[in-house]
Amino acid sequence: MTPRQNHPILNLPNILTMMRIAAIPLMAGLLMSPSRQAGFWAAAVFALASITDWLDGYLARRMGIVTVFGKFLDPIADKLIVMAALIMILPYGRVPAWMVLVILGREIIITGLRGIASSEGIVIQASDLGKYKTIFQIVAILGLLLHYNYNWLFGIGHPLLQVDMHNVGMFYLAIATLLTIWSGVDYLAKFFKVIIR
1244 MTPRQNHPIL NLPNILTMMR IAAIPLMAGL LMSPSRQAGF WAAAVFALAS
1294 ITDWLDGYLA RRMGIVTVFG KFLDPIADKL IVMAALIMIL PYGRVPAWMV
1344 LVILGREIII TGLRGIASSE GIVIQASDLG KYKTIFQIVA ILGLLLHYNY
1394 NWLFGIGHPL LQVDMHNVGM FYLAIATLLT IWSGVDYLAK FFKVIIR
C-alpha cells in the first residue's frame, strides 16, 4: 500500500478556488446597482470566476495535487457564486423567483445527500447532466447580468444588429432549469438505489 501523499492546502488550484469565493462580494457589490455598467463589470467578474473553475480543476489534475480541501471547496465555490448572482438580480425582476428556488433547492438537497453518502463511505458517480447544467447556468447568468441590448458589429446601432442579452439569458436559464431538475432526479434515483440495496 503506497503512503498517502500530503499536499499543502495553499497550492495554486486551491488559491484559484479561494479567489473565486473572494470574487463573490465584489460581484454582489456591483449588482447593488441595476445599471448597464454595473451589470457589465459584474458579468466580467463572473466570467473570470467561471474560467478559474475550469482552470483550478485542470491544474490540480495536471500537477497531481488533488486535495481533500480542494474537493470540498471547489463545488461549494461554484454553488456560492451562481446563487449569489441569481439572488442579487432577483429584486430587479430579471429572473423568475421559482427558477431560483428550484436551482437553490436542488443544490441544497444534492449536497446534503452527497454528505450522507460520503459519511457512509458510498461514492455515487455524478452523470454528465450536472456538467451540462453548470455550462448552461454560466451562459444564462452572463446573459442576465448583461441584461441590456448590445450590438456586435463595430458599434453600429442598427436594431437588427442588436442582441437582447436578457432574452439570451432567459433562454439558457430555461434549459439550465430543466437540466437542474433532470440531474437532481437522476442523482436521487442513484442515491436511493444504493441505499436500498
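According to the working numbering, the stretch in the sequence shown is residues 1244 to 1440, in order. Using N, Cα and C, we set each Cβ at its ideal position, and we do this for glycine too.
Nearest-angstrom Cβ-Cβ length linking residue i and residue j, presumed shorter than 8 angstroms
| i | j | result |
| --- | --- | --- |
| tyrosine 1415 | valine 1406 | So it is not a contact: roughly 13 angstroms between Cβ atoms. |
| alanine 1432 | glutamine 1380 | Not really, about 22 angstroms apart at Cβ, beyond 8 angstroms. |
| tyrosine 1430 | isoleucine 1365 | Not a contact, Cβ separation roughly 12 angstroms. |
Backbone CA spacing between residue i and residue j [nearest angstrom]
| i | j | result |
| --- | --- | --- |
| glycine 1427 | arginine 1279 | 34 angstroms |
| glycine 1412 | glycine 1272 | 21 angstroms |
| methionine 1261 | aspartate 1321 | 11 angstroms |
| tyrosine 1391 | methionine 1408 | 6 angstroms |
| histidine 1360 | leucine 1347 | In the sequence under discussion, the amino acid at residue 1360 is alanine, which differs from the histidine named in the question. Approximately 20 angstroms between the Cα atoms of the pair. |
| isoleucine 1378 | serine 1293 | 9 angstroms |
| leucine 1259 | leucine 1323 | 15 angstroms |
| alanine 1285 | valine 1325 | 12 angstroms |
| alanine 1224 | isoleucine 1384 | A query on residue 1224 cannot be resolved here, the shown segment of the chain reaching from 1244 to 1440 and no further. |
| leucine 1316 | leucine 1387 | 26 angstroms |
| arginine 1247 | leucine 1253 | Unreliable placement is indicated for arginine 1247, whose pLDDT of 44 sits below 50; no coordinate value is reported for it. |
| isoleucine 1424 | glutamate 1350 | 10 angstroms |
| asparagine 1257 | alanine 1290 | 18 angstroms |
| isoleucine 1399 | leucine 1389 | Annotation note: pLDDT 49 at isoleucine 1399 (below 50); position unreliable, coordinate value reported separately. Cα-Cα distance, rounded: 18 angstroms. |
| leucine 1274 | alanine 1266 | 12 angstroms |
| serine 1362 | valine 1382 | 34 angstroms |
| lysine 1436 | alanine 1281 | 46 angstroms |
| arginine 1304 | phenylalanine 1434 | 27 angstroms |
| glycine 1307 | valine 1343 | 36 angstroms |
| aspartate 1371 | valine 1345 | 19 angstroms |
Paired residues, beta bridge with residue i - DSSP
| i | result |
| --- | --- |
| valine 1406 | Tyr1393 |
For residue i, the nearest candidate out of the options (CA to CA)
| i | options | result |
| --- | --- | --- |
| isoleucine 1438 | Tyr1335, Trp1284, Leu1389 and Leu1356 | Leu1356 |
| glycine 1313 | Asp1371, Ile1264, Ala1383 and Arg1337 | Ile1264 |
| alanine 1340 | Ala1417, Leu1255 and Lys1374 | Ala1417 |
| valine 1309 | Thr1423, Leu1255, Leu1372 and Leu1421 | Leu1255 |
| isoleucine 1353 | Asn1410, Ser1276, Gly1373 and Thr1295 | Gly1373 |
| tyrosine 1197 | Leu1344, Lys1436, Leu1422 and Arg1305 | The shown model of the chain, from 1244 to 1440, leaves out residue 1197, and the question about it has no answer. |
| proline 1334 | Pro1277, Phe1434, Ile1319 and Lys1436 | Pro1277 |
| asparagine 1410 | Gln1368, Val1338 and Val1345 | Val1338 |
| phenylalanine 1283 | Asp1296, Leu1269 and Thr1295 | Leu1269 |
| threonine 1295 | Ser1370, Pro1318 and Gly1307 | Pro1318 |
Distance cut-off 6 angstroms: residue i Cβ against heavy atoms of the ligand NAD
| i | result |
| --- | --- |
| methionine 1275 | This structure lacks the ligand NAD; in fact it carries no ligand of any kind. |
Item to check | Cβ contact check for the region 1328-1337 and the region 1293-1304: 3 or more pairs under 8 angstroms | outcome: Three or more beta-carbon pairs separated by less than 8 angstroms are not found between the region 1328-1337 and the region 1293-1304, which leaves the two stretches without contact.
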